[in-house]
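In what follows, a structure is listed as structure tokens, so that the remarks can point back to it.
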Amino acid sequence: MADGAQDPLSRLRDAADAACTYLTPLLAMETLRRRRMAAAAAQGAAAQGAAEGGMNRLLHARKLLNHRSRQITTPNADTLYTDAWIDLRQGPARIALPRHGDRYVSLALMDMWTNNFAVLGSRATGTEGGRFTLVGPDASAEGLEGPVIRAPTPIVWALARILAAGPEDMDAARAVQDGMALETAPSPENAAPDAGEGTRLSDWPEFLAQGARLLALHRPPAMDLGVLRRIAVLGLGPEAAADGPDAPFDPARFSSAEAAAIADGFARARARLMRAQGPRAWDGSEAQGAWQGPPAKLGDYGQDFFIRASVAVGGLGALPLEEATYFRATSVGGERLDGRRPMRWRIPGDRPLPVDGFWSLSLYAPTPEGEFFFVENPIGRHAIGDRTPGLVRDPDGGVTLHLAHDDPGDARRANWLPAPAGPYDLILRCYLPAKELLDGRRRPPEPEPIPTEETPK
């Protein structure tokens, strides 16, 4: 039924559903930005000469992330992170990568809608490094040096991943961090923008108030006109002409019946997003086999607003598929993965994973909010990959990993990925995947339960 034929409450309900889905990535990014600014301030970044709150500064994580790392969902334990929140409202920024040889390095540039609008580094720009100029969506690029990259939003999240292949490699990986540089326009306006306190989990009045503020700062692309017209009935966005595109959101304008319809629309959207974090594919459909393959538009979502929101909840900051392909497993044979049910995962020697970079298997515990974090365990291991020191190979050159809560014993401990005594998820990251992984001709081998008679007593 067309919107014009809907009753007013149904129209509000559908608009609220659409607004929740459409704006969730924007609020998730703003929440992460505030978390990173708070962390930078706590570490004394401002005292070291950074702009207020840590904006326009390279923030280096000098250690691999672990179970205490809770700022961003589904972190990896393979690369050092360096990130920066870059404000382009006062002028261009220059960001530099050093020469890094055969070490995997990527620097993802994301707009506030979570799209990767550029990825610099090993695959895209080579191993020699370089200097790149970023400009805002409406800025002139005339006379600027070097490759110029136009950002779709005035605030940009730059996220670098630098491979650290074990403890002995950390100093060399940190040297790449030290070789990075960021130059921005000097201005007191570089301070963090005031965007309110609403989060993606806030009740609908706070969520939509925050969404209105962020929409005014980060103008949506013209191709989103359809959804913007749909949510305009809420008094939200550039199509809400009666109040103007920059007007604050006013929840008091709605009657109690209208407010209930909006709340119902939000509940419907959030339930759908939470289902997508469970034992099914990213788009909410039933998964085929244990491994759920990534959506085709991962990292650059176009108008697939549901996939964009789903990934913002459970995998914020995901790279495009050509940079890294992600597979997720939540159940095997219809049974939820659980550390009390030992599993193994074997890659045969004659069928290695087809990657030009490296692969890594990470284990996470889910939260009630739909996020995923590492689990504290006795050996401090959160991922195993093809570079893991001490990994024991099978006679055919393959590798068998053991996934369980209990220690599998001396013979298997080198290949043990500890799990909680409860549900967990697996993420397999394949960096620089070969074409057969991208087009579906190859899929990872399935995890399988370890028979009771093979488990240590």
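Per the working numbering, numbering through the sequence shown is continuous, rising by one, with the last residue being 630.
Each residue gets a CB set at the ideal place from its N, CA and C atoms; glycine is no exception.
A quick note: this is a predicted structure, and the numbers were derived from the prediction, not measured.
So for residue i, helix, strand or coil by DSSP?
i: leucine 407; result: helix
i: methionine 447; result: helix
i: phenylalanine 479; result: helix
i: leucine 611; result: helix
i: valine 486; result: helix
i: proline 424; result: helix
i: glutamate 225; result: Interpretation of glutamate 225 is limited by its pLDDT of 46, a score under 50 that renders its predicted location unreliable; the figure taken from the coordinates is listed afterwards. Three-state result, glutamate 225: helix.
i: methionine 174; result: In this prediction, methionine 174 has a pLDDT of 42, which is less than 50 and means its spatial position is unreliable; what the coordinates show is noted afterwards. Of the three classes helix, strand and coil, the one that applies to methionine 174 here is coil, per DSSP.
i: alanine 218; result: The predicted model places alanine 218 with a pLDDT of 47, which falls under 50 and marks its position as unreliable; any figure quoted below should be read in that light. Alanine 218: coil per DSSP, three-state reduction.
i: phenylalanine 305; result: strand
i: serine 295; result: coil
i: glutamate 663; result: Since the first and last residues shown for the chain are 174 and 630, residue 663 lies out of range.
i: phenylalanine 531; result: coil
i: glutamate 544; result: coil
i: leucine 280; result: strand
i: proline 289; result: Sequence inspection shows asparagine at residue 289; the proline mentioned does not correspond to that position. Residue state, collapsed to three classes: strand.
i: glycine 558; result: strand
i: aspartate 397; result: helix
i: arginine 267; result: strand
i: glutamate 431; result: helix
i: aspartate 153; result: Only positions 174 to 630 of the chain appear in this structure, which leaves residue 153 out of reach.
i: arginine 586; result: helix
i: aspartate 437; result: helix
i: arginine 509; result: strand
i: alanine 538; result: strand
i: asparagine 363; result: Confidence is the limiting factor: at asparagine 363 the pLDDT is only 45, short of 50, which leaves the residue's position unreliable, though a coordinate-based value still follows. Helix.
Residue range of the alpha helix (DSSP H) that residue i falls in?
i: proline 198; result: 181-215
i: glycine 352; result: 343-352
i: glycine 384; result: 377-390
For a cutoff of 8 angstroms on Cβ pairs, would you count residue i as touching chain D?
i: valine 308; result: Going by chain labels, chain D is absent from the structure shown, which holds only one protein chain.
Grab the span of the beta strand (DSSP E) containing residue i for me, first residue to last.
i: alanine 577; result: 572-577
i: methionine 516; result: 516-520
i: valine 321; result: 321-323
Going by DSSP, what residues sit across from residue i in a beta bridge?
i: isoleucine 328; result: Asp260
i: glutamine 465; result: Arg501
i: leucine 336; result: Thr252
i: proline 591; result: Ala577
i: histidine 233; result: Thr255
i: glutamate 621; result: Arg517
i: proline 606; result: Val528
**Message:** Whether or not the region 267-286 and the region 570-579 are in contact is what I'm after, with contact meaning three or more pairs of Cβ atoms, one per stretch, closer than 8 angstroms; do they touch?
**Reply:** Short answer: they don't touch.
**Prompt:** Per the contact definition of three or more C-beta pairs closer than 8 angstroms, is the region 527-534 in contact with the region 602-619?
**Reply:** Cβ pair count under 8 angstroms is three or more, so yes.
**Message:** With three or more C-beta pairs closer than 8 angstroms as the rule, is the region 502-512 touching the region 606-621?
**Reply:** Yes: at least three Cβ pairs fall under 8 angstroms.
**Request:** May I ask you to verify whether the region 239-246 touches the region 286-302, counting CB pairs closer than 8 angstroms and requiring at least 3?
**Result:** Taking one beta carbon from each stretch, the region 239-246 and the region 286-302 have fewer than 3 pairs nearer than 8 angstroms; the two do not touch.
**Request:** Take every Cβ of the region 248-268, pair it with every Cβ of the region 330-350, and state whether three or more of those distances are shorter than 8 angstroms.
**Result:** Between the region 248-268 and the region 330-350, the count of Cβ pairs shorter than 8 angstroms is three or higher; the stretches touch.
**contact_flag[the region 515-523, the region 227-235] where n(CB pairs < 8 angstroms) is 3 or more** = When Cβ pairs closer than 8 angstroms are counted between the two stretches, the region 515-523 is seen not to touch the region 227-235, the count staying below three.
**Asked** At a cut of 8 angstroms, does the region 553-563 reach the region 485-497 through at least three beta carbon pairs?
**Response** Taking 8 angstroms as the limit for Cβ pairs, the verdict is that the region 485-497 does not touch the region 553-563.
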